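Peer 1: 795 is the number that this note's numbering gives the last residue of the sequence shown; the numbers go up by one with no jumps. A single structure is presented below for examination.
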Amino acid sequence: MATELRHGLSFLHLVCILHLVCGQIRYSIPEELELGAVVGNIAEDLGLSIREMTARNFRLVSDDPIQLLKVNTHNGILGVNERIDRDTLCSESWTCSVSYDASLENPLEVHRVNVEILDINDNAPRFTEDKYHLYISEITSIGTLFALERAYDADMGTNAVASYKISSNKHFGLKQQKADDKITELLLEKPLDREKQSTLHLILTAIDGGIPPRSGTAEIVITVLDANDNAPVFDHHIYRANVVENANSGTMVSTVHAADLDEGANGEVKYSFSNHVSQNIRELFTLDSKTGQICVKGPLDYEGKNIYQFEVQAFDKGVPPLGRRATIIIGLTDINDNAPEIRLTSVSNNVREDDAIGTVVAIINVMDRDSGENGQVHCQIPTDIPFKLQKSLNNQFKLIIDGALDRESTPLYNISIAAWDAGLPSLSTNKTLLISVSDINDNMPKFTQSPYSVFLMENNTPGGSIFTVTALDRDLGKNSEVAYSLLESLSVDDSLPGAITVNSETGCIYALRSFDYEKLKNFQFQVQASDAGSPSLSNTATVNVIILDQNDNTPVIVSPSKWNSSKVTQIATQSAYPGLLVHKVVATDADSGQNARLSYKLLEATDRTLFSVGFPSGEIRISRKFKDQDKLQHRLVILVKDNGQPSLSSTATILLAFLPNATESFSELTNKPIDPVYFSELNVMLIIGLGSTSCIFLLIIVLLVILKCRQDSNVYGYGSRICCYTGENSAADFHRRAVPKPVLSYAAGQTLPVRESYNYTVALSPDSSRSDFLFLKTLHPTLPLDDFNVCDSRK
């Protein structure tokens, strides 16, 4: 029945008022509607069709994260989405509403939707307590008013508290003020008599103005008090107690007691602090109003205050209440709850590394707020540092230097100072003192390397940097600023001074002139490094400079010597055999190593197939047999190249002539002017030796021919080595002709090649009027005799 009544009231309060003024729509709904309840048809109110709402992307926008209402886009109905409690939503506000923005696109339209939440009577009045106590003396006058507690109703307006009523009794009634104030007082209408009725129980009812009305009740217990004519009396005028500091909260300190000769409420005593007791005392101690026990409430600190004195009072429950006062004195007992405190005074955080032993660095005061043994302190520092503590006064120490200081090994000291007291258990404190050691000039510069070895390529650019020396100084500041200078050179070369300089700031060494490996291969000098300290300290280092060879010299051709426009004519016979050494090119290179390693190559030749050049030796040899179609004069260009990078080279041009026969050879040699400069002593000696040998050899051949001719008048057949012609005066017609041998030119100091051996096949002309050789051929010792033709003297 109640549910149906509530739904009926909800239906009656469901008022949907549509206002379309300046784009604003208003609705009014009661609170506590069911989920899905209809608030209104917002599509019709905006004049929109369902299709238009969807096409124009209708949205309901709110700043509230909880969406209390939402629109069904299928029918345009605005409905309840969440539970709506006006009392929670708007608290004690007389008006309550929620606002939304209805947004449409294409074109953009925004309509303000305001929904007012109407209050319903869903809360009953209630009191803050279920039971209230009133103590009224039996001698209270009739007409006395006693204020009653008001009831609270969460609803607003007519649904709030409207009236009060009290249960039926003989002594009290209600006096209600104006309806707007809703203040109700209890009125004593008939005198009280404790002996007849000492306690009265009344029911106070608060009724709201809702339909149907709701109510709330509270019990009022009225105690009739006896008349009070005796005050409480304490057992002691002064109470003394002791408690340890830092006692736990709730620790009992003392108990006070007062007695009252009255009976009943007049004899019941209540304890409390006197009015003038400070707030600090009230925060540190509590006083039980019934038992009189004084307990610890807050932290107690002996070092802050060790004695507390205050007053307590005892009142009875008489009307009017009577009371007395007593003094409480509480003393604190010290415990070891404070660690020593280290205070540094007159601290010198910077000491010189040459400070004397015993120099005072700092004054250390060690304090402990505790008393007795708890306040007796000790202090120490580590023993492995050049400092120590020296006690001067009570709890005062001096930190002094106790050893040699070296900034380079230890520039900074973190001195840990430890202090502890004599309490049980002992408490300790540590503090770190930072002391830096300032520098003095006690370290000379040290070179990173000594001696230095510098490899410098010859033909260096004058003024260029060749090396950098570095000297380090372990000191600081100006004591570590290093300047470089050049000392007297150690080299024996008198031209070296002034050729080397050094940058005083960077240590960069410069060569002021270019060096030639072929003239100077190494030298030494000394560099001095001095710091800027006072007095200045210095050190020296030796620099060995090794000149490296560069391929800057072209090969020089020693043999053949350059004459006749760098062309040397050589003569060979057409009977030269393959492998025969025609000439040897000799060259030298002033460089060293690979730069002086020479190779020889046939660069140009009239006929490359006829000659070959030894790659490492420079020897020119015959590659094949001479043919009739071969030219008699050949021009050879020999390339002499070193192995440097890049490679350098020279060329030698040699003209080589082949003699078709001995007569031509002899006439060419005899008619050709010889430059006397071309022949050296060695060449002359070689020509004389070869000429003598050839003459003796020819003479022996002639003698052998004569002997053979005498023994046998017949001519030797084929296979003979020599063919002789008979005739008158044949011996007289035989003339010895010198066969020229190639002239080899060698530089001084070169090893002469093995002397070549030559064999000749000789034939005499049958014509006695001619004295020339008809045929001349070189006979190689390795060739078989059958390869040579034999001349037949017979006609």
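Where a beta carbon is used, it is the ideal one built from N, C-alpha and C, also for glycine. All values derive from a computational prediction rather than experimental measurement.
For the candidate residues V705, P462, P445, whose alpha-carbon lies nearest to that of K478?
Peer 2: For this step, residue 478 is matched to residue 478 along the sequence shown. Checked all of V705, P462, P445; the closest Cα to K478 is P445.
Peer 1: Verify whether the separation of the beta carbon atoms of P555 and V640 is less than 7 Å.
Peer 2: Position 555 of the sequence shown holds residue 555. Position 640 of the sequence shown holds residue 640. Contact: yes.
Peer 1: Output the distance between the C-alpha atoms of Y510 and K519, rounded to the nearest integer angstrom.
Peer 2: Position 510 of the sequence shown, counting from 1, holds the residue named residue 510. Position 519 of the sequence shown, counting from 1, holds the residue named residue 519. About 20 Å.
Peer 1: For a minimum of 3 consecutive residues, which ranges assigned as the beta strand (DSSP E) are wholly contained in the segment 82 to 127?
Peer 2: DSSP runs (the beta strand (DSSP E)) wholly in the segment 82 to 127: 97 to 104, 109 to 118.
Peer 1: Taking buried to mean at least 16 other C-beta atoms within 10 Å of its own C-beta, is G47 buried or exposed?
Peer 2: Counting from one through the sequence shown, the residue named residue 47 turns up at place 47. Label assigned to G47: exposed.
Peer 1: Is the separation between the beta-carbon of S141 and that of L225 shorter than 7 Å?
Peer 2: As a first step, residue 141 must be located in the sequence shown, where it is residue number 141. As a first step, residue 225 must be located in the sequence shown, where it is residue number 225. No, the pair does not count as a contact, with Cβ atoms beyond the cut-off.
Peer 1: Exposed or buried, what is W420 when buried is set at 16 or more other beta-carbons lying within 10 Å of its beta-carbon?
Peer 2: Looking up residue 420 in the sequence shown gives position 420. Buried, because 16 or more other Cβ atoms sit within 10 Å of the Cβ of W420.
Peer 1: For P320, does the count of other Cβ atoms within 10 angstroms reach 16, so buried, or fall short, so exposed?
Peer 2: Counting from 1 along the sequence shown, the entry for residue 320 is found at position 320. P320 is exposed by the Cβ-count criterion.
Peer 1: Compare the Cα-Cα distances from T333 to each of R324, G323, F310, L300 and report the closest residue.
Peer 2: As a first step, residue 333 is located in the sequence shown; it is residue number 333 there, counting from the start. Nearest C-alpha to T333: L300.
Peer 1: How big is the Cα-Cα spacing for T609 and N553?
Peer 2: Working through the sequence shown from its first residue, we reach residue 609 at position 609. Working through the sequence shown from its first residue, we reach residue 553 at position 553. For T609 and N553, the distance between alpha carbons rounds to 32 Å.
Peer 1: Tell me the DSSP secondary structure of N683 in three-state form.
Peer 2: The residue given as residue 683 occupies position 683 in the sequence shown. N683 falls in the helix class under three-state DSSP.
Peer 1: Here's a check: name, in chain order, each residue in its chain whose Cβ is nearer than 6 Å to the Cβ of S480, leaving out the five neighbours to either side.
Peer 2: Counting from 1 along the sequence shown, the entry for residue 480 is found at position 480. Closer than 6 Å at Cβ, skipping near neighbours: D473.
Peer 1: Are the C-beta of S485 and some C-beta of chain C separated by less than 7 Å?
Peer 2: In the structure shown, chain C does not exist; there is a single protein chain.
Peer 1: Are L287 and Y271 touching if we call contact CB-CB under 7 Å?
Peer 2: Numbered from 1 along the sequence shown, position 287 holds the residue referred to as residue 287. Numbered from 1 along the sequence shown, position 271 holds the residue referred to as residue 271. In contact: L287 and Y271 (Cβ atoms closer than 7 Å).
Peer 1: Taking only runs of the beta strand (DSSP E) that begin and end inside the segment 238 to 275, which ones reach a length of at least 3 residues, in chain order?
Peer 2: Listed in chain order, the complete beta strand (DSSP E) runs (minimum 3 residues) inside the segment 238 to 275 are 238 to 244, 252 to 255, 269 to 273.
Peer 1: Between the segment 403 to 410 and the segment 463 to 470, can you find at least three pairs of beta-carbon atoms closer than 8 Å?
Peer 2: The segment 463 to 470 vs the segment 403 to 410: no contact.
Peer 1: Who are the Cβ neighbours of A532 in its own chain at under 6 Å, not counting the five residues just before and after it?
Peer 2: The residue you call residue 532 lines up with position 532 of the sequence shown. The answer, listed in chain order, is K478, E481.
Peer 1: How is the beta strand (DSSP E) around N72 delimited, first residue to last?
Peer 2: Residue numbering aside, residue 72 sits at position 72 when the sequence shown is read from its first letter. Taken as a continuous stretch (DSSP letters only), the beta strand (DSSP E) holding N72 covers 69 to 72.
Peer 1: Output yes or no for whether 7 Å exceeds the beta carbon distance between D208 and A241.
Peer 2: Looking up residue 208 in the sequence shown gives position 208. Looking up residue 241 in the sequence shown gives position 241. No, they are not a contact pair.
Peer 1: Hey, would you say A206 sits closer than 7 Å to D130, going by beta carbons?
Peer 2: The count along the sequence shown starts at 1 and reaches residue 206 at position 206. The count along the sequence shown starts at 1 and reaches residue 130 at position 130. Their beta carbons are not under 7 Å apart, which means A206 does not touch D130 by this criterion.
Peer 1: By Cβ distance, which residues of its chain are closer than 7 Å to E189, with the 5 residues on each side in sequence left out?
Peer 2: Reading the sequence shown from its first residue, position 189 is the one you call residue 189. Closer than 7 Å at Cβ, skipping near neighbours: I142, H171, F172, G173.
Peer 1: Identify, in the order they occur along the chain, each residue of the same chain with its Cβ nearer than 8 Å to the Cβ of R83, setting aside the five sequence neighbours on each side.
Peer 2: The residue you call residue 83 lines up with position 83 of the sequence shown. Only E32, L35 meet the Cβ criterion.
Peer 1: Near I294, which residues of its chain fall below 6 Å by C-beta distance, leaving aside the five closest residues on each side in sequence?
Peer 2: The sequence position of residue 294 within the sequence shown is 294, counting from 1. Same-chain partners within the cutoff: V253, S254, F285, L287.
Peer 1: Candidates G507, P340, K165, Y484: which alpha carbon is nearest Q528's?
Peer 2: The residue given as residue 528 occupies position 528 in the sequence shown. Checking every option, the nearest Cα to that of Q528 belongs to Y484.
Peer 1: Leaving aside the five residues before and after P451 along the sequence, list all residues of the same chain whose C-beta is less than 7 Å from its C-beta, in chain order.
Peer 2: By one-based count along the sequence shown, residue 451 stands at place 451. Here the set comprises A541, T542, V543, N544.
Peer 1: Keeping to the same chain, check which residues put their C-beta closer than 7 Å to that of E756; ignore five residues upstream and five downstream.
Peer 2: Along the sequence shown, one-based indexing puts residue 756 at 756. Model confidence at E756 stands at a pLDDT of 35, short of 50, so the residue's coordinates are unreliable and nothing is read from them.
Peer 1: Under a three-way DSSP split, which group does V361 fall into?
Peer 2: Mapped onto the sequence shown, residue 361 falls at position 361. Here V361 sits in strand by DSSP.
Peer 1: Buried or exposed: where does P578 fall if 16 or more other Cβ atoms within 10 Å of its Cβ makes it buried?
Peer 2: For the purposes of this step, residue 578 is taken as residue 578 along the sequence shown, with counting starting at 1. With fewer than 16 Cβ atoms within 10 Å of its Cβ, P578 is classed as exposed.
Peer 1: Taking 7 Å as the threshold (C-beta atoms), are I401 and D355 in contact?
Peer 2: In the sequence shown, the residue the question calls residue 355 occupies position 355. In the sequence shown, the residue the question calls residue 401 occupies position 401. Yes. Within cutoff.
Peer 1: Around the Cβ of L487, are there at least 16 other Cβ atoms within 10 angstroms (buried) or fewer (exposed)?
Peer 2: For the purposes of this step, residue 487 is identified with residue 487 of the sequence shown, where counting begins at 1. Exposed, by the Cβ-count rule.
Peer 1: What number of angstroms, rounded off, separates the C-alpha of V558 from the C-alpha of S612?
Peer 2: Mapped onto the sequence shown, residue 558 falls at position 558. Mapped onto the sequence shown, residue 612 falls at position 612. Each residue's alpha carbon lies about 20 Å from the other.
Peer 1: Using the Cα positions of V269 and R325, report the straight-line distance between them to the nearest angstrom.
Peer 2: Within the sequence shown, numbered from 1, the residue matching residue 269 stands at position 269. Within the sequence shown, numbered from 1, the residue matching residue 325 stands at position 325. Spanning the two alpha carbons is a distance of roughly 12 Å.
Peer 1: Locate the beta strand (DSSP E) running through R324, then write down its first and last residues.
Peer 2: Translated into positions along the sequence shown, residue 324 becomes position 324. Element bounds for R324: 323 to 333.
Peer 1: State buried or exposed for Q313, treating a residue as buried only when at least 16 other CB atoms are found within 10 Å of its CB.
Peer 2: Taking the first residue of the sequence shown as position 1, residue 313 is located at position 313. Result: buried.
Peer 1: What separation, rounded to the nearest whole angstrom, lies between the Cα atoms of H808 and G689?
Peer 2: In this structure the chain extends from 1 to 795, so residue 808 is not present and cannot be described.
Peer 1: Since N280 is in the alpha helix (DSSP H), which residue starts that stretch and which ends it?
Peer 2: Along the sequence shown, one-based indexing puts residue 280 at 280. 279 to 284 is the span of the alpha helix (DSSP H), which, as asked, contains N280.
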